[in-house]
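Chemist: Per this note's numbering, the very first residue in the sequence shown carries number 10; after that it's consecutive. Just so it is clear, CB atoms sit at the ideal spot from N, CA and C, and this is done for glycine as well.
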Amino acid sequence: MASSSVRTALPGQLLLFGCGAATVAAWTGGFYACFVLVLLLGFWLASLALARAMPLHLPAERQVAAPDGETDRAVLRAVLDQAPTPLLSVERSGRVRALNRAARMLFDIEDALIDVPEALRESAPRLRYAGRAYRIDRIEAHGAGAARTILALIDIESEERLAEARTTRELLDVLSHEVMNALTPIASLADSALATLDDTPPPVAHLRDMLGTLSRRADGLLHFTQAYRQLARLPEPVLAPTTLAVLFDDLRRMFAARWGGRVAFVADGPPDGMVFIDRDQISQALWALLQNGAEAAVAATDAPQVRLSAKLDDRLSICVADNGPGVPDEGRARIFRPFYTTKKEGSGIGLSLARQIARAHGGDLSLLPGKDTAFELALPRHGRNADGMHAAKPAADPIPGK
10 MASSSVRTAL PGQLLLFGCG AATVAAWTGG FYACFVLVLL LGFWLASLAL
60 ARAMPLHLPA ERQVAAPDGE TDRAVLRAVL DQAPTPLLSV ERSGRVRALN
110 RAARMLFDIE DALIDVPEAL RESAPRLRYA GRAYRIDRIE AHGAGAARTI
160 LALIDIESEE RLAEARTTRE LLDVLSHEVM NALTPIASLA DSALATLDDT
210 PPPVAHLRDM LGTLSRRADG LLHFTQAYRQ LARLPEPVLA PTTLAVLFDD
260 LRRMFAARWG GRVAFVADGP PDGMVFIDRD QISQALWALL QNGAEAAVAA
310 TDAPQVRLSA KLDDRLSICV ADNGPGVPDE GRARIFRPFY TTKKEGSGIG
360 LSLARQIARA HGGDLSLLPG KDTAFELALP RHGRNADGMH AAKPAADPIP
410 GK
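(1) Cβ of arginine 390 within 8 Å of Cβ of leucine 325?
(2) Do you know whose CA, among Ser102, Ser98 and Glu385, lies nearest alanine 112's CA?
(3) Alanine 274 lies in the beta strand (DSSP E); which residues open and close that run?
(4) Where are the beta strand (DSSP E) runs, 3 residues long or more, that stay fully inside the stretch 318-353, in chain order?
(5) Does any heavy atom of the ligand FMN sit closer than 7 Å to the C-beta of threonine 222?
(6) For arginine 135, report the span of its alpha helix (DSSP H) as first-last.
(7) Can you find at least 3 beta carbon pairs, one from the stretch 300-310 and one from the stretch 327-345, that sit closer than 8 Å?
(8) Please name the residue in Gln290, Tyr349 and His215 whose C-alpha comes closest to that of proline 246.
(9) When the Cα atoms are used, what is the spatial distance from phenylalanine 285 to proline 250?
(10) Taking the C-alpha atoms as reference points, what is the distance between aspartate 120 and isoleucine 165?
(11) Quick one: Cα of aspartate 418 to Cα of glycine 221, how far?
(12) DSSP puts alanine 309 in a beta bridge; with which residues?
(13) In the DSSP output, which residue or residues are listed as bridge partners for alanine 161?
(14) With a threshold of 16 other CB atoms inside 10 Å of the CB of histidine 232, please say whether the residue is buried or exposed.
(15) In its own chain, which residues sit with a C-beta less than 6 Å from the C-beta of arginine 254, not counting the 5 before and 5 after it?
(16) Would you check if the distance between the CB atom of glycine 359 and the CB atom of asparagine 301 is smaller than 8 Å?
(17) Rounded to a whole number of angstroms, what is the C-alpha to C-alpha distance between arginine 341 and methionine 189?
(18) Per DSSP, what are the beta-bridge partners of histidine 151 in this structure?
(19) Tell me the rounded alpha-carbon separation between histidine 215 and serine 197.
(20) Between the Cα of isoleucine 148 and those of Pro93, Ser132 and Ala142, spot the shortest distance and give me the residue it belongs to.
(21) If you draw a straight line from the alpha carbon of proline 95 to that of leucine 192, how long is it in whole angstroms?
(22) Leaving out five residues before and five after arginine 110 in sequence, what residues of the same chain have Cβ atoms less than 6 Å from its Cβ?
(23) Helix, strand or coil, according to DSSP, for aspartate 124 in the structure here?
(24) Mind checking which residues open and close the beta strand (DSSP E) that includes aspartate 373?
(25) Spatial neighbours of lysine 380 within its chain, please: C-beta separation below 6 Å, excluding the five flanking residues on both sides.
(26) State buried or exposed for glycine 140, treating a residue as buried only when at least 16 other CB atoms are found within 10 Å of its CB.
(27) Return helix, strand or coil for glutamate 70, following the three-state DSSP convention.
(28) Please specify which runs of the alpha helix (DSSP H), each continuous and at least 4 residues long, are wholly inside the stretch 170-219, giving them in chain order.
(29) When DSSP labels each residue in this structure, what does glutamine 314 get in the three-state scheme?
(30) Output the distance between the C-alpha atoms of alanine 369 and proline 244, rounded to the nearest integer angstrom.
(31) State buried or exposed for glycine 371, treating a residue as buried only when at least 16 other CB atoms are found within 10 Å of its CB.
(32) Helix, strand or coil for isoleucine 286? Go by DSSP, reduced to three states.
(33) Less than 8 Å separating the beta-carbons of leucine 295 and leucine 260?
(34) Under the three-state reduction of DSSP, which class applies to histidine 391: helix, strand or coil?
Listed below in structure tokens is the structure:
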């Protein structure tokens, strides 16, 4: 391209130079050359005009024509359709549209969703749809004069199955350990009782003691089985609007009825505002924390105290703390494990059940770091559970019998 442009411009430049040189030679050649001078001068001026009229072609950078808007959109659609993750757009009006092939196939639509799951309209962290679990990642997008939210549905079904398998394995380990601990002395006592019957006369008092022990061990195994059923059959939370003041008042009355003046109950004034929770289940979880705190404080100090406090912003955080001996380092890793307990008469399901309730609400229960014992129950303020769904019912009365 460059060499051909130079070749095109070169003849005009040589012609211009030759005419100029001939004109100078004629000027210096004398009177007879004047006629030639005039001719050459005219020819030089014509050549100059011709040279100026001939464009000097210089190499130009290659230019690529920009695709129009329709081509841009077609390319973008093709790229999005290759993504395996369902992508959705939530407009300010609430309309939800599928952005790629994966989303259209998941919801069996061509463009906009008709029956939109509530988890997509709100800020729920998860969605369960068509038998699979998805994590919802959100990006706020602003452009073309309108704000919208882009949703990416990340399939976490395999992750949940792995977590479920791990939990099942741990639970089976606990069950086998507890059942074996209960059955081993029962079998041993039964063999001893049978052997004692062969004595003449049989020692009735000794048999009575062995049978009493057998009965107590069987009762312990029954109690363990009932506790397991309670943990395994926790119903889904049914959410309803309530205030923290109502929740705290219920717990204060229950605590006074159970502990009287033996343990000081300090409740910091709960913040104002409405929350969406299953009040029965959250009361049950907090009651387990208050009971544990009171029992630990009574055993460790002459001035036992349990404190209940809460913070409310975009999330609800309820803290239960006591002035007991604290949780040793070796127990912190196992404290939420089903049936783990350090109390002689404990079932080991209170904290595990409380955490299960919190997670069913889309929150969590954690033991805060530090020397003192303090548990934090953190929940979404607007009541989304782990699957991003919610329901409503009239506010429940205080826990029956309390």
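Modeler: Taking the coordinates as given:
(1) Taking the first residue of the sequence shown as position 1, residue 390 is located at position 381. Taking the first residue of the sequence shown as position 1, residue 325 is located at position 316. A distance below 8 Å separates the beta carbons of arginine 390 and leucine 325.
(2) As a first step, residue 112 is located in the sequence shown; it is residue number 103 there, counting from the start. Ranking the options by Cα distance to alanine 112, first place goes to Ser98.
(3) Working through the sequence shown from its first residue, we reach residue 274 at position 265. Alanine is not the amino acid found at residue 274; the sequence shown has phenylalanine there. Per DSSP, phenylalanine 274 belongs to the beta strand (DSSP E) from 273-276.
(4) 324-331
(5) Absent from the structure shown: the ligand FMN. Ligands present: none.
(6) Here residue 135 refers to the residue found at position 126 of the sequence shown. Premise fails: arginine 135 lies in the beta strand (DSSP E), 135-138, not in any alpha helix (DSSP H).
(7) Cβ pair count under 8 Å is three or more, so yes.
(8) The residue given as residue 246 occupies position 237 in the sequence shown. Of the listed residues, the one whose Cα sits closest to proline 246 is Gln290.
(9) The residue you call residue 285 lines up with position 276 of the sequence shown. The residue you call residue 250 lines up with position 241 of the sequence shown. Rounded to whole angstroms, phenylalanine 285 to proline 250 spans 4 Å at the Cα level.
(10) One-based indexing of the sequence shown puts residue 120 at position 111. One-based indexing of the sequence shown puts residue 165 at position 156. It is roughly 25 Å from the alpha-carbon of aspartate 120 to the alpha-carbon of isoleucine 165.
(11) Outside the shown range of the chain (10 to 411) lies residue 418, about which nothing can therefore be said.
(12) Here residue 309 refers to the residue found at position 300 when the sequence shown is read from its first residue. Paired residue(s): none; alanine 309 is not in a bridge.
(13) Looking up residue 161 in the sequence shown gives position 152. Paired residue(s): Leu96 and Asp146.
(14) On the sequence shown, position 223 is the one that residue 232 refers to. Counting C-beta atoms within 10 angstroms of its own C-beta, histidine 232 has fewer than 16 neighbours from the protein chains shown and is therefore classed as exposed.
(15) For the purposes of this step, residue 254 is taken as the residue at position 245 of the sequence shown. Correcting the residue type first, residue 254 is alanine in the shown sequence and not arginine. These residues qualify, in order along the chain: Pro279.
(16) Taking the sequence shown and counting its residues from 1, one reaches residue 359 at position 350. Taking the sequence shown and counting its residues from 1, one reaches residue 301 at position 292. It is a contact, given that the beta carbons lie within the stated cut-off.
(17) Locating residue 341 in the sequence shown gives position 332, where the first residue counts as 1. Locating residue 189 in the sequence shown gives position 180, where the first residue counts as 1. Each residue's Cα considered, the two are about 25 Å apart.
(18) Here residue 151 is taken as the residue at index 142 of the sequence shown, counted from 1. Looking at the DSSP assignment, histidine 151 forms a beta bridge with Ala156.
(19) For this step, residue 215 is matched to residue 206 along the sequence shown. For this step, residue 197 is matched to residue 188 along the sequence shown. Roughly 15 Å between the two C-alpha positions.
(20) Residue 148 sits at position 139 when you count from the first residue of the sequence shown. With distances taken between Cα atoms, isoleucine 148 lies closest to Ser132.
(21) Against the sequence shown, residue 95 aligns to sequence position 86. Against the sequence shown, residue 192 aligns to sequence position 183. Going by the C-alpha atoms only, they are around 52 Å apart.
(22) Indexing the sequence shown from 1 puts residue 110 at position 101. So the qualifying residues of the chain are Asp90.
(23) Locating residue 124 in the sequence shown gives position 115, counting from the first residue. Aspartate 124: coil per DSSP, three-state reduction.
(24) Here residue 373 corresponds to residue number 364 of the sequence shown, with the count starting at 1. 373-376 is the extent of the beta strand (DSSP E) around aspartate 373.
(25) Within the sequence shown, numbered from 1, the residue matching residue 380 stands at position 371. Gly335, listed in sequence order.
(26) On the sequence shown, residue 140 is found 131 positions in, with the first residue counted as 1. Exposed, since its Cβ has fewer than 16 Cβ neighbours within 10 Å.
(27) For the purposes of this step, residue 70 is identified with residue 61 of the sequence shown, where counting begins at 1. In this prediction, glutamate 70 has a pLDDT of 45, which is less than 50 and means its spatial position is unreliable; nothing more can be read from the coordinates.
(28) none
(29) Against the sequence shown, residue 314 aligns to sequence position 305. Assigned with DSSP and collapsed to three states, glutamine 314 falls in strand.
(30) Residue mapping note: residue 369 aligns to position 360 of the sequence shown, counting from 1. Residue mapping note: residue 244 aligns to position 235 of the sequence shown, counting from 1. Approximately 9 Å, taken between the alpha carbons.
(31) By 1-based counting over the sequence shown, the position of residue 371 is 362. By the 10 Å Cβ count, glycine 371 comes out buried.
(32) As a working note, residue 286 is residue 277 in the sequence shown. Isoleucine 286 falls in the strand class under three-state DSSP.
(33) Working through the sequence shown from its first residue, we reach residue 295 at position 286. Working through the sequence shown from its first residue, we reach residue 260 at position 251. Cβ distance < 8 Å, so leucine 295 and leucine 260 count as in contact.
(34) Here residue 391 corresponds to residue number 382 of the sequence shown, with the count starting at 1. Coil at histidine 391, not helix or strand.
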